[in-house]
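To start, the structure under review is shown below, and the notes come after it.
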Amino acid sequence: MFTKDLEMCLMAAQSEAIDRRHEYLCVEHILYALLHNDAGLNIIRSCGGDTNLIKQDLEDFFSQQEEVNENKLPRQTKAVQRVLHLAIMHVNSSGKASADVGDVLVAIHRESRSYASYFLQKQDITRLDLLNYISHGIAKVTAEEEKSDGHDYEGGEDEEGQQQRQEHNPLELYTQNLTRQAEEKRIDPLIGRENEINRTLQILCRRRKNNPIYVGDPGVGKTAVAEGLALKIFSGDVPVMLEGAEVFALDIGSLLAGTKFRGDFEQRIKAVLKALEKRPGSILFIDEIHTIIGAGATSGGSMDVSNLLKPALAKGEIRCIGSTTFDEYKKIFEKDRALSRRFQKIDILEPTLAETIKILKGLKSRYENHHQLRYTSGSLKIAAELSEKYINERYLPDKAIDVIDEAGSMVRLRSGTKRKTVGVPDIEKVVASMARVPIERMNSTDKDKLRDLEKELKMQVFGQDEAIGILVQSIKRSRAGLHHPEHPIGSFLFTGPTGVGKTELAKQLAFIMGISFERFDMSEYMEKHTVSRLIGAPPGYVGFDQGGLLTDAVRKNPHCVILLDEIEKAHPDIFNIL
Numbered sequence: 004m005f006t007k008d009l010e011m012c013l014m015a016a017q018s019e020a021i022d023r024r025h026e027y028l029c030v031e032h033i034l035y036a037l038l039h040n041d042a043g044l045n046i047i048r049s050c051g052g053d054t055n056l057i058k059q060d061l062e063d064f065f066s067q068q069e070e071v072n073e074n075k076l077p078r079q080t081k082a083v084q085r086v087l088h089l090a091i092m093h094v095n096s097s098g099k100a101s102a103d104v105g106d107v108l109v110a111i112h113r114e115s116r117s118y119a120s121y122f123l124q125k126q127d128i129t130r131l132d133l134l135n136y137i138s139h140g141i142a143k144v145t146a147e148e149e150k151s152d153g154h155d156y157e158g159g160e161d162e163e164g165q166q167q168r169q170e171h172n173p174l175e176l177y178t179q180n181l182t183r184q185a186e187e188k189r190i191d192p193l194i195g196r197e198n199e200i201n202r203t204l205q206i207l208c209r210r211r212k213n214n215p216i217y218v219g220d221p222g223v224g225k226t227a228v229a230e231g232l233a234l235k236i237f238s239g240d241v242p243v244m245l246e247g248a249e250v251f252a253l254d255i256g257s258l259l260a261g262t263k264f265r266g267d268f269e270q271r272i273k274a275v276l277k278a279l280e281k282r283p284g285s286i287l288f289i290d291e292i293h294t295i296i297g298a299g300a301t302s303g304g305s306m307d308v309s310n311l312l313k314p315a316l317a318k319g320e321i322r323c324i325g326s327t328t329f330d331e332y333k334k335i336f337e338k339d340r341a342l343s344r345r346f347q348k349i350d351i352l353e354p355t356l357a358e359t360i361k362i363l364k365g366l367k368s369r370y371e372n373h374h375q376l377r378y379t380s381g382s383l384k385i386a387a388e389l390s391e392k393y394i395n396e397r398y399l400p401d402k403a404i405d406v407i408d409e410a411g412s413m414v415r416l417r418s419g420t421k422r423k424t425v426g427v428p429d430i431e432k433v434v435a436s437m438a439r440v441p442i443e444r445m446n447s448t449d450k451d452k453l454r455d456l457e458k459e460l461k462m463q464v465f466g467q468d469e470a471i472g473i474l475v476q477s478i479k480r481s482r483a484g485l486h487h488p489e490h491p492i493g494s495f496l497f498t499g500p501t502g503v504g505k506t507e508l509a510k511q512l513a514f515i516m517g518i519s520f521e522r523f524d525m526s527e528y529m530e531k532h533t534v535s536r537l538i539g540a541p542p543g544y545v546g547f548d549q550g551g552l553l554t555d556a557v558r559k560n561p562h563c564v565i566l567l568d569e570i571e572k573a574h575p576d577i578f579n580i581l
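Whatever position you read off the sequence shown (first residue = 1), add 3 for the working numbering.
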């Protein structure tokens, strides 16, 4: 019924009583053993207790006990038996498998006639404080702990005291200090974005509504701009009124973790806001800020994060920076007018190809040090160009950075010479893998295939020279750049009697070009409602979130040959969507 950790504590308590030659094993011996256990120390400190003072009180208590000369094992007192029994009852009621250190501490506190319970109450530790931390991870915030949020403490403290205050600090528990990370060189440098940074500084220096919000597509660098601001603050390259400021990134997940009862979540938010108010010039950064709308709210009518933030934002007591995407800003954030009017919108647009290459060059040394290799200048340029051309569903510079990162990982794992270099062929291989495109499309061998394409098709399909010539000419025209980038390379209608080579020509084209072949039998789409099988069901219908066969095939293999076989049998509405 006891965990191994608790069993070791009980054995340590008995050993302590033997060493001190006490006749009885008391509750105070158990508390003394728990104070030398990591879990026990953490619980008492999180509830506001001073472990050193409790140890001293226990030492004074032990010094007043009589010693016996008989070499007998100490007998358990009735109080010890009641404590262990209460701990087991607490476990049974909570549905746990076995009692741990926390359960025994709660039981010790209930043994009100013992000195151990008195020593805990002397530190202003209540039974509710113990239960809140053990069950929900809610640390008690006292006046002393609020002082520890600032810089009121100077030298002369032991390591244990510093650790204790750090555990109680809500900013340490629920945020990340980006300025400290900048000092520790854990943040990548910001390249470019001078206009966005200057606009941010102007908004932060306002008297009211000094809260910028970065809005942009995923992967364009919204979080990087906030981290770049932390770097500027650390380096001192900011206006005088922002000197010495700190940027804290809010962790919504940590705030929500363990908040089972109403009021727990609001208490944590209030603790964070109060700690920020005690640090003049502090800046709160909330990534994916649309998630605060509704976060922490329950059916009982409790407030979410956004409603708790509104009063502080309106008064200008704290500065806040948010980031979200265009879609989420329009669908979620903008609908809350009271919240959106407190923020000043800054659009973070996708960088150009030239700006992306500049960013890659600025980050080059970080990735070289991590992967223990070097990148050629041509590899960085080709990474930006190929990622922009072939990786369509993502944005620069994120997709280009991922390409050079994965290329570095691939080359580093490759066995061979010790001095490794990432070149253009490595970048081409990674992009081909990520975009599911034949690698021949990215190098000179593609030109050789196009040169011999007509000849090889005529060797496989006989008697269709004119159709093959038109097909090959369209593909070559597309490869030369004379086509719309968002349109198919070509759409062809092969007509003719059965067995002349219509389907075979499409199959051979895919085989020779080295791309996938997707065939749809249109005789299965003779009814009007079957259109949804190709492109997916409209909103509000069953299967809306599942996608269509045609759209899924194109998304899975963006570069492929699609054959709509026997299309004359399809419903007329099919022709309208093609």
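All residues carry an ideal CB built from backbone N, CA and C; glycine is no exception.
**Request:** Mind the definition here: the region 208–223 touches the region 341–359 only if three or more C-beta pairs lie below 8 angstroms; say whether that holds.
**Result:** yes
**Message:** Helix, strand or coil, according to DSSP, for cysteine 208 in the structure here?
**Reply:** The residue you call residue 208 lines up with position 205 of the sequence shown. Note: cysteine 208 maps to coil in three-state DSSP.
**Request:** Specify whether the region 170–183 and the region 203–214 touch according to this definition: at least 3 beta carbon pairs, one from each stretch, less than 8 angstroms apart.
**Result:** no
**Item:** Outcome for leucine 581 when other beta-carbon atoms lying within 10 angstroms are tallied against a minimum of 16
**Value:** Residue 581 sits at position 578 when you count from the first residue of the sequence shown. Exposed, because fewer than 16 other Cβ atoms sit within 10 Å of the Cβ of leucine 581.
**Asked** At what residues does the beta strand (DSSP E) containing serine 418 begin and finish?
**Response** Along the sequence shown, one-based indexing puts residue 418 at 415. Note, serine 418: premise wrong, no beta strand (DSSP E); not H, not E.
**Nearest-angstrom Cα separation, counted from valine 434 out to glutamate 388** = Working through the sequence shown from its first residue, we reach residue 388 at position 385. Working through the sequence shown from its first residue, we reach residue 434 at position 431. Near 10 angstroms, if we compare the C-alpha coordinates of valine 434 and glutamate 388.
**Request:** Mind the definition here: the region 356–371 touches the region 328–339 only if three or more C-beta pairs lie below 8 angstroms; say whether that holds.
**Result:** no
**Message:** What does DSSP give as the partner residue(s) for valine 425 in the beta ladder?
**Reply:** Position 422 of the sequence shown, counting from 1, holds the residue named residue 425. DSSP lists Tyr378 as partners of valine 425.
**Asked** Are the beta-carbon atoms of leucine 193 and glycine 231 separated by less than 9 angstroms?
**Response** Position 190 of the sequence shown, counted from the start, is the residue given in the question as residue 193. Position 228 of the sequence shown, counted from the start, is the residue given in the question as residue 231. Yes.
**Asked** What residue range is occupied by the uninterrupted beta strand (DSSP E) comprising glycine 325?
**Response** To locate residue 325, count along the sequence shown from 1; it is residue 322. Element bounds for glycine 325: 322–327.
**Message:** Here's a check: name, in chain order, each residue in its chain whose Cβ is nearer than 6 angstroms to the Cβ of alanine 410, leaving out the five neighbours to either side.
**Reply:** In the sequence shown, residue 410 corresponds to position 407, counting from 1. Closer than 6 angstroms at the Cβ level, and outside the excluded window around alanine 410, lie Val425, Asp429, Ile430, Val433.
**Item:** Limits of the unbroken beta strand (DSSP E) element including lysine 7
**Value:** As a position in the sequence shown, residue 7 is number 4, starting the count at 1. That residue, lysine 7, is in no beta strand (DSSP E); its alpha helix (DSSP H) goes 7–22.
**Prompt:** According to DSSP, what are the bridge partners of serine 115?
**Reply:** Looking up residue 115 in the sequence shown gives position 112. None, per the DSSP bridge assignment.
**Exposure label - phenylalanine 514; buried when at least 16 CB within 10 Å** = On the sequence shown, position 511 is the one that residue 514 refers to. Exposed, by the Cβ-count rule.
**Prompt:** By how many angstroms is the C-alpha of aspartate 106 removed from the C-alpha of threonine 262?
**Reply:** By one-based count along the sequence shown, residue 262 stands at place 259. By one-based count along the sequence shown, residue 106 stands at place 103. Their backbone Cα atoms lie some 20 angstroms apart in a straight line.
**Request:** Answer yes or no: do alanine 233 and isoleucine 289 have a C-beta to C-beta separation smaller than 9 angstroms?
**Result:** As a working note, residue 233 is residue 230 in the sequence shown. As a working note, residue 289 is residue 286 in the sequence shown. No, they are not a contact pair.
**Asked** In terms of residues, what are the limits of the alpha helix (DSSP H) holding alanine 341?
**Response** Reading the sequence shown from its first residue, position 338 is the one you call residue 341. Here the alpha helix (DSSP H) through alanine 341 covers 340–343.
**Request:** Note the first and the last residue of the continuous alpha helix (DSSP H) segment covering lysine 99.
**Result:** As a working mapping, residue 99 is identified with position 96 in the sequence shown. Segment: none, lysine 99 is in no alpha helix (DSSP H) and carries neither H nor E.
**Request:** With DSSP collapsed to three states, give me the class of serine 285.
**Result:** Numbered from its first residue, the sequence shown carries residue 285 at position 282. Serine 285: coil per DSSP, three-state reduction.
**Item:** Whole beta strand (DSSP E) elements within the region 26–108, 3-residue minimum
**Value:** none
**Prompt:** Identify the residues that DSSP records as bridge partners of alanine 252: which are they?
**Reply:** The sequence position of residue 252 within the sequence shown is 249, counting from 1. In the DSSP output, where bridge partners are listed per residue, alanine 252 has Gln179, Phe288.
**Message:** Given this structure, state the Cα-to-Cα distance separating glycine 546 from lysine 572, to the nearest angstrom.
**Reply:** The sequence position of residue 546 within the sequence shown is 543, counting from 1. The sequence position of residue 572 within the sequence shown is 569, counting from 1. Roughly 25 angstroms between the two C-alpha positions.
**Asked** Looking at C-beta atoms only, is the number of pairs between the region 465–476 and the region 493–511 that lie closer than 8 angstroms three or more?
**Response** yes
**Beta-carbon proximity check, glutamate 286 vs glutamate 249, cutoff 9 angstroms** = Residue 286 sits at position 283 when you count from the first residue of the sequence shown. Residue 249 sits at position 246 when you count from the first residue of the sequence shown. Note that residue 286 is isoleucine in the sequence shown here, rather than glutamate. Yes, they are a contact pair.
**Prompt:** Which residues mark the beginning and the end of the alpha helix (DSSP H) in which valine 440 is found?
**Reply:** The sequence position of residue 440 within the sequence shown is 437, counting from 1. It is not in any alpha helix (DSSP H) - valine 440 carries neither H nor E in the DSSP assignment.
**Request:** Helix, strand or coil for alanine 278, going by three-state DSSP, please let me know.
**Result:** Position 275 of the sequence shown, counted from the first residue, corresponds to residue 278. Three-state result, alanine 278: helix.
**Request:** Taking lysine 479 as part of the alpha helix (DSSP H), name the residues at either end of that continuous run.
**Result:** The residue you call residue 479 lines up with position 476 of the sequence shown. Here the alpha helix (DSSP H) through lysine 479 covers 468–482.
**Request:** For aspartate 103, I'd like the list of residues in its chain whose CB is within less than 6 angstroms of its CB, leaving aside the five on either flank, ordered along the chain.
**Result:** On the sequence shown, residue 103 is found 100 positions in, with the first residue counted as 1. The answer, listed in chain order, is Thr6, Leu9.
**Prompt:** Which residues does DSSP pair with phenylalanine 520 in a beta bridge?
**Reply:** Taking the sequence shown and counting its residues from 1, the one referred to as residue 520 is at position 517. The partner list for phenylalanine 520 (beta bridge, DSSP) reads Val564.
**Asked** Helix, strand or coil: how does DSSP classify isoleucine 347 here?
**Response** By one-based count along the sequence shown, residue 347 stands at place 344. Note on residue identity: the sequence assigns glutamine, not isoleucine, to residue 347. It is a strand residue.
**Request:** Measuring alpha carbon to alpha carbon, tell me which of Asn172, Lys281, Ile577 ends up nearest glutamate 527.
**Result:** By 1-based counting over the sequence shown, the position of residue 527 is 524. Considering only alpha carbons, the answer is Ile577.
**Request:** Thinking methionine 525 and aspartate 568 are a contact (beta carbons under 8 angstroms), I'd like their distance in whole angstroms, please.
**Result:** On the sequence shown, residue 525 is found 522 positions in, with the first residue counted as 1. On the sequence shown, residue 568 is found 565 positions in, with the first residue counted as 1. With a Cβ gap of about 6 angstroms, methionine 525 and aspartate 568 count as contacting.
**Asked** Over what stretch of residues does the alpha helix (DSSP H) that includes isoleucine 335 continue unbroken?
**Response** On the sequence shown, residue 335 is found 332 positions in, with the first residue counted as 1. Here isoleucine 335 belongs to no alpha helix (DSSP H), and DSSP marks it neither H nor E.
**Asked** By Cβ distance below 7 angstroms, which residues in the same chain neighbour aspartate 127 in space, the five residues on each side in sequence not counted?
**Response** Counted from its first residue, the sequence shown places residue 127 at position 124. Counting only Cβ-Cβ distances below 7 angstroms, and skipping sequence neighbours, we find Gly51.
**Reference leucine 474, options Pro500, Ile295, Gln511, Lys531, closest by Cα** = What you label residue 474 is simply residue 471 of the sequence shown in a count that begins at 1. When each option's Cα is compared against that of leucine 474, the closest is Gln511.
**Prompt:** Within this structure, are the beta carbons of glycine 483 and leucine 566 separated by less than 9 angstroms?
**Reply:** On the sequence shown, position 480 is the one that residue 483 refers to. On the sequence shown, position 563 is the one that residue 566 refers to. It should be noted that the sequence gives alanine, not glycine, for residue 483. It is not a contact, given that the beta carbons lie outside the stated cut-off.
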